[in-house]
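J.:
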Amino acid sequence: MTELMPTNAVSGTTSTALAINWLSNFVIGLIFPAVSDAIHGYIFLIFAGCCAVGFFATLLFVKETKGKSIEELTSRNRNREGEELNGAKRKN
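Under my numbering, the residues of the sequence shown are numbered 46 to 137, in order.
#1: For Val80, I'd like the list of residues in its chain whose CB is within less than 6 Å of its CB, leaving aside the five on either flank, ordered along the chain.
#2: Do Ile115 and Thr59 have their C-beta atoms closer together than 9 Å?
#3: Give me the Cα-Cα distance between Thr61 and Val55, rounded to the nearest whole angstrom.
#4: What are the complete alpha helix (DSSP H) segments, minimum 4 residues, inside the segment 50-129?
Next up, the structure:
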């Protein structure tokens, strides 16, 4: 993910992602025994569904960055933001 953001934002976003990961693991560890007792072996269907949603979200919304430098990605994003701003100004 670090290639999708400017260098000065990497530490903050990495820390945020790590905190969310730990929080998610805590919640799963907390609710797993109760839900497992309630629905027995079908508990993993919930996690399989979450994985499927994550897979399709990644497939649809995350752009391919293979073989591109950070400069190419940053300039492409800046150009796109500028076009959107200019387009919005023209509409007004």
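Every residue gets a Cβ at the ideal spot worked out from N, C-alpha and C, and that includes glycine. Quick caveat: nothing in here was measured; it's all calculated off a predicted structure.
T.: The answer reads as follows:
#1: Start at 1 with the first residue of the sequence shown, and residue 80 comes out as number 35. Correct list, in chain order: Ile88.
#2: In the sequence shown, residue 115 corresponds to position 70, counting from 1. In the sequence shown, residue 59 corresponds to position 14, counting from 1. Not closer than 9 Å, so no.
#3: Stepping through the sequence shown from its first residue, residue 61 is reached at position 16. Stepping through the sequence shown from its first residue, residue 55 is reached at position 10. So the alpha carbons of these two residues sit roughly 10 Å apart.
#4: 55-84, 88-106
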